[in-house]
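**Student:** The following block contains the structure, expressed as structure tokens.
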Amino acid sequence: MRVGLLCLIAGIVCVTAGGTAPKLADDQLRPRTSDRKAQTETVIARPIVPLDELIDQTPDGSLVIELYQSVRNIGDVEAANEHVKAQVIRAQSVAADVARLHDSTFKSCDGSETPKIETIASKARAFSATLARVDGELTKALAATRQIVEAERPSSIRAKEDLNRFVLAAHELGRVRVQATEIAKALEGLSVSIRTTLASCTAIPVPPLFAVRDTPRLGGKAR
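For the sequence shown, this note's numbering begins at 749 and goes up steadily by one.
Here you go:
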């Protein structure tokens with residue numbers, strides 16, 4: 749389970765950070781191993797954005813249903829999908845930052861930020877659940893639209909084109925919903941993993957130093 753979680757985390761970080769790393773010029777020396785290690789540790793030390801801001805940035809789907817309730821044509825559905833895709837990209841970025849904090853917690857055993865991470869995971873679950881509801885509604889609407897178009901004799905070219913666009917839009921939302929579900933699972937896994945890590949961070953007590961101890965005497969009992 750731990751290996752699968754780390755792979756999922758790595759995938760989120762790569763998707764979010766892909767293409768952002770600057771390329772070295774041909775005449776520029778590559779960083780030394782020690783420099784690369786220091787840079788990596790600096791990145792992992794804390795999330796890029798404070799958790800309070802990450803909570804605000806995490807979409808919860810509160811306005812998504814209202815957005816799709818207002819659609820009247822295929823163009824409206826496509827526009828709503830673009831809005832949702834932007835929210836999923838934002839959720840990916842949040843998950844990447846939380847993953848960095850997860851690595852930091854393993855090293856420091858600092859659980860002060862755990863409640864905030866659980867809040868982020870909760871919002872991500874709500875977002876995923878909302879997209880699942882919208883996906884189901886679009887699937888039903890697509891089936892009804894297909895029946896209407898097929899009932900026309902002959903079907904107009906415009907109607908067929910709109911149906912094809914609707915099929916693509918419904919497929920696109922389904923794909924985005926899957927992404928949101930994976931992000932929610934990753935954040936929930938991070939939250940559980942951090943709680944598990946903190947539970948094992950209890951320090952081993954050390955006996956008092958320089959304390960007076962009774963030592964057994966030869967042939968008698970200790971006083």
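In this text, a Cβ means the ideal position worked out from N, Cα and C, and glycines have one as well.
Computed from a prediction, not measured in an experiment: that's the story for all the values here.
Is it buried or exposed, residue 960, if we count other Cβ atoms within 10 angstroms and call 16 or more buried?
**Tutor:** Answer is exposed; the Cβ neighbour count stays below 16.
**Student:** State buried or exposed for residue 787, treating a residue as buried only when at least 16 other CB atoms are found within 10 Å of its CB.
**Tutor:** The predicted position of residue 787 is uncertain, since its pLDDT is 49 and thus under 50; no value can be drawn from it.
**Student:** Are there 16 or more other CB atoms within 10 angstroms of the CB of residue 861, so buried, or fewer, so exposed?
**Tutor:** Per the 10 Å Cβ criterion, buried.
**Student:** Given that a residue counts as buried once 16 or more other Cβ atoms are within 10 Å of its Cβ, and exposed if not, what is residue 873?
**Tutor:** Counting Cβ neighbours within 10 Å, residue 873 comes out buried, since at least 16 surround it.
**Student:** Across the region 826-843 and the region 922-938, are there enough close Cβ pairs to call them in contact, namely three or more that are closer than 8 Å?
**Tutor:** With a cut-off of 8 Å, the region 922-938 and the region 826-843 count as touching, because enough Cβ pairs lie within range.
**Student:** Return the CA-CA distance between residue 978 and residue 911, expressed in angstroms with no decimal places.
**Tutor:** Residue 978 is absent from the model: the chain starts at 749 and stops at 971.
**Student:** Could you pull the start and end residues of the alpha helix (DSSP H) that residue 887 belongs to?
**Tutor:** Note, residue 887: alpha helix (DSSP H), 862-899.
**Student:** I'd like the span of the alpha helix (DSSP H) that includes residue 943, first residue to last.
**Tutor:** That run of the alpha helix (DSSP H) goes 905-947.
**Student:** Assuming residue 921 and residue 832 make a contact with CB atoms under 8 Å, what is their CB distance in whole Å?
**Tutor:** Rounded, the Cβ-Cβ distance is 7 Å, consistent with contact.
**Student:** From this set, 839, 952, 945 and 957, which residue's C-alpha is nearest residue 851's C-alpha?
**Tutor:** Looking at the Cα atoms, 945 is the closest of the given residues.
**Student:** Run through DSSP, which three-state label would residue 960 get?
**Tutor:** Note: residue 960 maps to coil in three-state DSSP.
**Student:** Report the rounded CA-to-CA distance for residue 876 versus residue 895, giving the unit in angstroms.
**Tutor:** Approximately 29 Å, taken between the alpha carbons.
**Student:** Closest to residue 806 by C-alpha separation, out of 856, 798, 917 and 868, would be which residue?
**Tutor:** Cα-wise, what sits closest to residue 806 is 868.
**Student:** Closest by CA to residue 949, which one among 936, 855, 847 and 864?
**Tutor:** Considering only alpha carbons, the answer is 855.
**Student:** Please return the same chain residues whose Cβ sits closer than 8 Å to the Cβ of residue 915, not counting the five positions on each side in sequence.
**Tutor:** Taken in chain order, the residues that qualify are 890.
**Student:** Look at the Cβ atom of residue 816, then the Cβ atom of residue 827, and state whether they are nearer than 8 Å.
**Tutor:** No, Cβ-Cβ distance for residue 816 and residue 827 is not below 8 Å.
**Student:** Please check the pair residue 865 and residue 799, which I expect to be a contact at CB under 8 Å, by giving their CB distance rounded to whole angstroms.
**Tutor:** Right, their Cβ atoms sit about 7 Å apart.
**Student:** On the criterion of 16 or more Cβ atoms from any shown chain inside 10 Å, does residue 982 qualify as buried, or is it exposed?
**Tutor:** Outside the modelled stretch of the chain, which goes from 749 to 971, sits residue 982, for which no answer is possible.
**Student:** Mapping the DSSP letters down to three states, classify residue 1004 as helix, strand or coil.
**Tutor:** The shown model of the chain, from 749 to 971, leaves out residue 1004, and the question about it has no answer.
**Student:** What does a CB cutoff of less than 7 Å around residue 883 pick up in its chain, not counting 5 residues either side in sequence?
**Tutor:** Correct list, in chain order: 921, 922 and 925.
**Student:** Below 7 Å, is the gap between the Cβ of residue 925 and the nearest heavy atom of the ligand SAH?
**Tutor:** You won't find the ligand SAH in this model; it holds no ligand whatsoever.
**Student:** Need the endpoints of the alpha helix (DSSP H) that residue 808 sits in, please.
**Tutor:** Unbroken run through residue 808: none, as it is neither H nor E.
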